[in-house]
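In the UniProt record's numbering, the protein residues as written are 1 to 90. For glycine and all other residues, C-beta sits at the position ideal for the given N, C-alpha and C.
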């Protein structure tokens, strides 16, 4: 039924699995999509659409665990990284 497809994104989580980082998106009905972060980064159209999606931006910037994971990933390459609630800084 079409009503089965009427969902909203509820959570965005980074999940490491066998040395690969995945972005797991869970919808309001418990459905999950798992995307390889490296493959996401290679898709310019997806990155543009995702970075302009207000719902996605609100969810990830209000998720302290997700923000901490991003900071920890960036620290090794960029040194001290912090997030002021709006922007990341090095």
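Coil, strand or helix - residue i by DSSP
i, result
"residue 43", "coil"
"residue 81", "coil"
"residue 52", "coil"
"residue 13", "strand"
8 Å contact criterion, which residue i and residue j should meet: CB distance rounded
i, j, result
"residue 13", "residue 27", "Going by Cβ atoms, the distance from residue 13 to residue 27 rounds to 13 Å, so no, they are not a contact pair."
"residue 20", "residue 44", "21 Å between Cβ atoms; not a contact."
"residue 71", "residue 89", "Not confirmed; about 10 Å, so no contact."
Boundaries (first-last residue) of the alpha helix (DSSP H) holding residue i
i, result
"residue 8", "Counting along the chain, residue 8 falls outside any alpha helix (DSSP H), and DSSP gives it neither H nor E."
"residue 26", "Here residue 26 belongs to no alpha helix (DSSP H); instead the beta strand (DSSP E) covers 20 to 27."
Cβ pair residue i, residue j closer than 7 Å
i, j, result
"residue 40", "residue 33", "no"
"residue 75", "residue 67", "no"
Proximity to residue i [Cα-Cα], best of the options
i, options, result
"residue 85", "30, 16, 54 and 61", "61"
"residue 10", "3, 23 and 30", "30"
"residue 69", "2, 6, 23 and 3", "23"
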